[in-house]
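Number of protein chains: 2
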Amino acid sequence: MFWSKAFIPTLKETPQEAESIAHQLMLRAGLMRPLISGVYSYLPLGYRVLRKIENIIRQEMNSCGAQELLLSALQPEEIWLESGRDKEMAQVMIRFKDRRGRKLCLGPTHEEVITDLVSQNVSSYRQLPIILYQIQVKFRDEIRPRFGLVRSCEFIMKDAYSFDQDQKGLRQSYDKMFQAYQRIFKRCGLNFLIVEADPGVMGGSLSHEFMVPAESGEDIIMHCSDCKFSSSKIEQSAICPKCKKALQKKNTIEVGHVFQLGTKYSTTFQANFLNPQGSQSPIIMGCYGIGVSRLIPAVLEQNHDQQGIIWPWEVAPYSIIILPLEVSDKKIHQAALNIYNDLIQKDFAVLLDDRDERAGVKFKDADLIGIPLQVILGEKFLKQGKLELKIRRDGKRIILDAKKLSEEIGRYTSTLQKAKEG
Amino acid sequence: MFWSKAFIPTLKETPQEAESIAHQLMLRAGLMRPLISGVYSYLPLGYRVLRKIENIIRQEMNSCGAQELLLSALQPEEIWLESGRDKEMAQVMIRFKDRRGRKLCLGPTHEEVITDLVSQNVSSYRQLPIILYQIQVKFRDEIRPRFGLVRSCEFIMKDAYSFDQDQKGLRQSYDKMFQAYQRIFKRCGLNFLIVEADPGVMGGSLSHEFMVPAESGEDIIMHCSDCKFSSSKIEQSAICPKCKKALQKKNTIEVGHVFQLGTKYSTTFQANFLNPQGSQSPIIMGCYGIGVSRLIPAVLEQNHDQQGIIWPWEVAPYSIIILPLEVSDKKIHQAALNIYNDLIQKDFAVLLDDRDERAGVKFKDADLIGIPLQVILGEKFLKQGKLELKIRRDGKRIILDAKKLSEEIGRYTSTLQKAKEG
Chain A
4 MFWSKAFIPT LKETPQEAES IAHQLMLRAG LMRPLISGVY SYLPLGYRVL
54 RKIENIIRQE MNSCGAQELL LSALQPEEIW LESGRDKEMA QVMIRFKDRR
104 GRKLCLGPTH EEVITDLVSQ NVSSYRQLPI ILYQIQVKFR DEIRPRFGLV
154 RSCEFIMKDA YSFDQDQKGL RQSYDKMFQA YQRIFKRCGL NFLIVEADPG
204 VMGGSLSHEF MVPAESGEDI IMHCSDCKFS SSKIEQSAIC PKCKKALQKK
254 NTIEVGHVFQ LGTKYSTTFQ ANFLNPQGSQ SPIIMGCYGI GVSRLIPAVL
304 EQNHDQQGII WPWEVAPYSI IILPLEVSDK KIHQAALNIY NDLIQKDFAV
354 LLDDRDERAG VKFKDADLIG IPLQVILGEK FLKQGKLELK IRRDGKRIIL
404 DAKKLSEEIG RYTSTLQKAK EG
Chain B
4 MFWSKAFIPT LKETPQEAES IAHQLMLRAG LMRPLISGVY SYLPLGYRVL
54 RKIENIIRQE MNSCGAQELL LSALQPEEIW LESGRDKEMA QVMIRFKDRR
104 GRKLCLGPTH EEVITDLVSQ NVSSYRQLPI ILYQIQVKFR DEIRPRFGLV
154 RSCEFIMKDA YSFDQDQKGL RQSYDKMFQA YQRIFKRCGL NFLIVEADPG
204 VMGGSLSHEF MVPAESGEDI IMHCSDCKFS SSKIEQSAIC PKCKKALQKK
254 NTIEVGHVFQ LGTKYSTTFQ ANFLNPQGSQ SPIIMGCYGI GVSRLIPAVL
304 EQNHDQQGII WPWEVAPYSI IILPLEVSDK KIHQAALNIY NDLIQKDFAV
354 LLDDRDERAG VKFKDADLIG IPLQVILGEK FLKQGKLELK IRRDGKRIIL
404 DAKKLSEEIG RYTSTLQKAK EG
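If you want it as structure tokens, here you go:
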């Protein structure tokens with residue numbers, strides 16, 4: 004993509020309405036814009052990040068044998084009366100009557116719908132286990148939206164549901180998801196903590212939350228820096244129950260939550276199956292959520308500096324930005340184009356800043372939008388034919404010939420790969 | 004994917020509620036299920052088709068330089084008062100107040116939102132032209148939903164918007180979209196007609212509709228089978244204005260609609276730009292819609308036979324289905340697995356019907372779900388070591404050695420490629 008043709012409206016000033024760093028960066032880097040309080044438009048750069056995150060989630064879900072589907076946002080209110088959750092969700096669920104008088108709502112979650120669907124289409128143990136998931140827009144009537152995409156009225160969730168014959172099967176499905184979640188959050192470049200949690204409104208027995216430490220996080224957990232024990236219960240004594248050291252309070256953003264539901268929903272919606280012994284049993288369920296859009300601010304809280312964003316490689320909207328500092332110079336212009344075409348050919352996502360702007364503006368914008376690698380063609384190129392490769396994360400600069408660029412980028416990506424595996 | 008682990012609930016009987024062939028096939032082949040009238044859940048097989056169609060659209064939009072973003076479904080009612088379209092959309096737009104008393108609606112379309120967005124972020128001719136698009140869920144309070152995904156209350160649209168300096172620019176953007184639409188519908192395997200249409204509620208001057216002839220189509224157009232003239236005006240005289248032959252009525256499904264909007268929205272939302280002469284001008288707009296989810300029934304209406312679906316190659320949920328007819332036979336089982344792994348390695352999407360079912364059941368299901376190529380391992384394999392490759396579209400069967408399979412599939416796909424180019 005050529006920047007001159009791209010819709011990337013960066014801002015010089017920090018918008019006053021943004022309280023958290025992540026929210027400020029999302030506005031300044033042109034990732035999104037507010038429509039009204041708590042409701043946002045993703046601009047092309049932000050949308051590219053969203054798609055990267057979605058695809059990481061898809062890959063890891065599919066690798067567990069989970070199957071993607073898509074349920075409707077519209078739901079009949081009736082199924083919420085059946086599960087008894089209409090009262091628990093009373094405040095946040097958006098409800099209305101349609102022209103035909105049907106009482107509808109915008110589903111804040113889909114346990115009711117999917118259990119009903121499975122109850123009508125699964126009847127035998129031979130059809131189990133299955134794990135179904137979707138990546139879908141959700142709505143919440145949020146009384147006080149805050150921190151941009153962290154607490155908004157419209158957001159994107161990944162919700163998965165497992166269906167098993169027995170507790171042993173549920174534990175296996177739960178474990179698969181638990182492992183997949185760790186891979187997903189690692190690939191997004193996050194440091195996170197896993198906390199045993201209260202199942203709350205969802206029901207069921209066991210539940211874990213995946214929490215990202217962040218200054219602006221609204222969920223407070225207790226954490227032991229020594230033995231890494233974490234808990235969502237705010238203990239007054241605050242002594243680590245495992246190693247007896249003092250616990251510390253940590254502000255975190257919840258990015259994932261997994262639940263062993265058991266038979267709460269399958270009993271309500273008669274989701275039974277014929278077991279190998281020939282009798283009917285209720286299906287044993289689990290459910291597994293990820294706040295997909297919320298992952299963007301979570302990533303930003305942990306990956307930035309004074310100059311702007313530092314995207315982790317796998318979620319970056321572009322991997323490489325090319326900065327020709329004198330676009331009017333034909334030699335620089337042509338060299339930049341050649342590098343662009345070569346890298347595109349090698350399947351890199353590349354942004355070429357072909358705008359007729361001062362070097363300072365380009366450097367500032369490049370640091371702000373946080374593309375991992377910057378290829379700079381400036382004075383050194385005119386005088387010595389050398390490029391500069393700048394690594395956004397550590398600011399390291401490598402001076403090299405154009406023909407050595409791919410090799411150097413390959414070295415960088417293989418370092419990342421090794422770090423991931425290690 | 005192994006069928007035994009997949010959630011593909013095919014039906015033997017045709018559901019009574021389904022009036023059209025496409026609707027019947029979508030239910031019988033396990034592509035979707037109704038939640039309530041006019042609201043559907045896409046099951047994994049249907050969702051794969053949806054993703055295939057979305058990706059065709061993405062490729063063709065991106066190849067025009069259009070940039071993807073994502074706007075919110077939630078919109079303030081206020082912007083509809085500003086554009087004056089709140090009355091025109093009164094019947095179909097879902098509206099409600101949130102807890103804070105804000106009047107919100109679920110956007111049936113996004114001209115207001117995107118014009119407002121662009122007005123705040125584009126100020127100079129140097130930022131033009133741009134084309135922005137999204138693939139997004141839309142809601143309509145449909146009084147009489149019909150034919151499954153053809154007229155439903157929740158559906159998926161691709162809506163694109165072009166922003167130009169002048170009429171000449173608009174014509175160029177319009178033409179790009181016009182060409183892209185033809186490529187998209189061709190790649191989806193559709194026969195379609197292009198009709199000059201009434202801009203109606205959208206406003207503006209020129210407008211074209213892309214119509215797919217189908218028995219269950221609710222849009223009636225006049226068509227000349229001789230000179231191919233088509234019109235959405237139902238003329239009583241019905242004489243072709245171009246060649247004077249008799250016009251015929253045709254039932255069609257509208258799958259795309261493009262509009263030259265001009266300045267209708269940019270004037271309302273003060274979307275102006277500084278032109279090269281240094282004065283303010285309103286941005287000239289176009290808008291371009293595709294009914295993404297509606298394309299599935301449109302494709303099905305034109306691509307089926309008595310036995311079921313015949314997916315066009317590019318939108319098929321899987322390209323190849325392997326049918327081992329005796330899964331208990333170790334030799335057949337192992338051969339099927341080898342073929343599966345080999346084809347997966349070659350990047351084909353493959354479904355292996357490893358269910359312990361009678362040959363008749365497998366043949367019926369394979370024909371019903373309409374995967375383009377069937378690889379059959381049956382008696383001929385046990386006796387002579389030969390596979391059968393059946394082409395779903397024409398029923399042609401080729402007997403061949405397992406090691407010749409990739410070559411034969413390659414021959415088939417290159418025939419498709421040639422037909423596309425020709």
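Those protein sequences? They're chains A and B, same order as listed.
Letter by letter, the first sequence follows residues 4 to 425 in the numbering used here.
Letter by letter, the second sequence follows residues 4 to 425 in the numbering used here.
All C-beta atoms in this analysis are idealised placements derived from N, C-alpha and C, irrespective of residue type, glycine included.
In its chain, beyond the 5 residues on either side, Ala183 have a beta carbon closer than 8 Å to the beta carbon of Ser66/A. DSSP links Thr255/B through a beta bridge to Pro216/B, Asp222/B.
The three-state secondary structure of Gln387/B, taken from DSSP, is helix.
In its chain, beyond the 5 residues on either side, Glu115, Thr271, Phe272 have a beta carbon closer than 8 Å to the beta carbon of Glu85/B.
As computed with DSSP, Ala163/A is found in a beta bridge with Tyr136/A, Tyr291/A. Beta-bridge partners of His211/A (DSSP): Glu199/A, Val261/A. Under DSSP, Pro79/A shares a beta bridge with Leu107/A. Any Cβ of chain A closer than 8 Å to the Cβ of Phe351/B would place that residue at the interface, and such an atom is absent. Contact of Lys8/B with chain A is assigned, a C-beta pair being separated by under 8 Å.
Tyr321/A carries a coil assignment under DSSP once its states are collapsed to helix, strand and coil. The Cβ of Asp144/B sits closer than 8 Å to at least one Cβ of chain A.
Not a single CB atom of chain B sits nearer than 8 Å to the CB of Phe276/A. The stretch 125 to 139 of chain B makes contact with the stretch 161 to 176 of chain B: 3 or more CB pairs, one atom from each, lie closer than 8 Å. A contact is defined here as three or more CB-CB pairs under 8 Å, and the stretch 316 to 333 of chain B fails this definition with respect to the stretch 211 to 226 of chain B. Against chain B, the beta carbon of Tyr164/A has no neighbour under 7 Å; the closest one sits roughly 11 Å away.
Taking 8 Å as the cut-off, the Cβ atoms of Leu403/A and Leu390/A count as close.
In the three-state reduction of the DSSP assignment, Asp368/B falls in the helix class, which pools H, G and I. In the assembly as shown, Val353/B is a buried residue. Its beta-carbon has 16 or more other beta-carbons within 10 Å.
Interface criterion not met: the Cβ of Pro244/A is under 8 Å from no Cβ in chain B. For Val153/A, the closest Cβ of chain B is not nearer than 8 Å. For Pro79/A, the chain B residues whose C-beta falls within less than 9 Å of its own C-beta are Leu38, Ile39, Val42, listed in chain order. Neighbours of Pro12/B in chain A, taken as residues whose beta carbon is under 9 Å from its own, are Gln123, Asn124, Val125, Gln130 in chain order. Contact note: Ala76/B reaches chain A through Val140, Glu157, using a C-beta cutoff of 7 Å and chain order. Taking CB atoms only, Arg103/A has a neighbour in chain B less than 8 Å away. In terms of beta-carbon proximity, Val302/A stays away from the interface with chain B, with every pair separated by 8 Å or more.
Taking 9 Å as the Cβ-Cβ cut-off, the stretch 308 to 332 of chain A has no residue approaching chain B. Residue pairing by DSSP places His113/B opposite no residue, since no beta bridge is assigned to it. A Cβ-Cβ distance of about 6 Å is found for the pair Asn254/B and Ile223/B, placing them in contact under the 8 Å criterion. Approximately 16 Å separates the beta-carbon atoms of Met180/B and Val198/B; this is outside 8 Å, ruling out the contact. Between the stretch 142 to 149 of chain B and the stretch 78 to 98 of chain B, the count of Cβ pairs shorter than 8 Å is three or higher; the stretches touch. Ranked by Cα distance from Gln280/B, the options Ile24/B, Ser127/B, Gln78/B, Glu57/B are led by Ser127/B. For Gln175/B, no Cβ of chain A is located within less than 8 Å of the residue's own Cβ.
Restricting attention to Tyr45/A, Asp119/A, Ile60/A, the CA atom closest to the CA of Ile39/B is found in Asp119/A. In terms of Cβ geometry, Gly110/A and Gln137/A do not form a close pair [threshold 8 Å].
Secondary structure note for Ile379/A: it is in no alpha helix (DSSP H), and the uninterrupted beta strand (DSSP E) holding it is 376 to 380. At least one CB of chain B lies nearer than 8 Å to the CB of Pro47/A.
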